[in-house]
Amino acid sequence: MIALGSDHGGFELKQEIMAYLKEKNIPFKDYGTYSTESCDYADYAELACNAIVAGECEKGILICGTGIGISMAANKIKGIRAAACSEHFSAKYTRLHNDANVLCLGGRVIGPGTACELVDLFLNTEFEGGRHALRVNKITALENK
Ligand code: RB5
982 MIALGSDHGG FELKQEIMAY LKEKNIPFKD YGTYSTESCD YADYAELACN AIVAGECEKG
1042 ILICGTGIGI SMAANKIKGI RAAACSEHFS AKYTRLHNDA NVLCLGGRVI GPGTACELVD
1102 LFLNTEFEGG RHALRVNKIT ALENK
């Protein structure tokens, strides 16, 4: 199950991503926002990321205007490793090396074609582990300092 969330700046792109996930039969839950009315991205980062931390969803896709604000908010939540990506290399390597569990996209940065390819890479690339696991463990350790 994939947790989705956006603010108004990411709403339209989230609609495109939901249509894409439906077409691929990938289950998702949309934690809002549900319109283009102005709202605060941190609220939707929190709702979607709480579902991931609780184990109700495996990964998340969060979208705001740039992908940056919503990633900053998501990364404040223990257990979340969110990466704002706008190109393929980062979307792939944040899974391989960082074991990112949330992909953040900018609705005002990339179009739906690129976004869906980044979603594919993010969902279908496995974490490499090994030396990268030691590094990710150090990220986790920072949560308790
Ligand atoms: C909202 O106007 C915009 O600031 C937000 O979507 C996002 O881009 C923030 O990082």
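Just add 981 to wherever you are in the sequence shown, counting from 1, and you've got the numbering used here.
Glycine included, C-beta positions come from ideal geometry on N, C-alpha and C.
Check                                                                                                                                  : Outcome
Just grab the DSSP bridge partners of Cys1085 for me.                                                                                  : Leu1043 and Ala1065
Quick check on the DSSP output: the beta strand (DSSP E) that includes Ser1052 runs from which residue to which?                       : It is not in any beta strand (DSSP E) - Ser1052 instead sits in the alpha helix (DSSP H) that spans Ile1049 to Ala1055.
Go through its chain and collect everything with a Cβ distance to Tyr1022's Cβ below 7 Å, but skip five positions before and after it. : Asp988, Cys1045, Gly1050, Ile1051 and Ala1054
Do Cys1085 and Ala1063 have their beta-carbon atoms positioned less than 8 Å apart in this structure?                                  : yes
Thinking just about the alpha-carbon of each residue, which of Ile1061, Glu997, Arg1116 and Val1090 is nearest to the one in His1078?  : Arg1116
In this structure, how does DSSP classify Ile1091 when only helix, strand and coil are distinguished?                                  : coil
For the alpha helix (DSSP H) containing Ile1120, name the first residue and the last one.                                              : Arg1112 to Leu1123
So does the region 1027-1035 actually touch the region 1057-1072, counting three or more Cβ pairs closer than 8 Å?                     : yes
Please list the terminal residues of the continuous beta strand (DSSP E) segment that includes Lys1059.                                : From DSSP, Lys1059 is part of no beta strand (DSSP E); its letter is neither H nor E.
Just how far apart, CA to CA, sit Glu1027 and Val1090?                                                                                 : 22 Å
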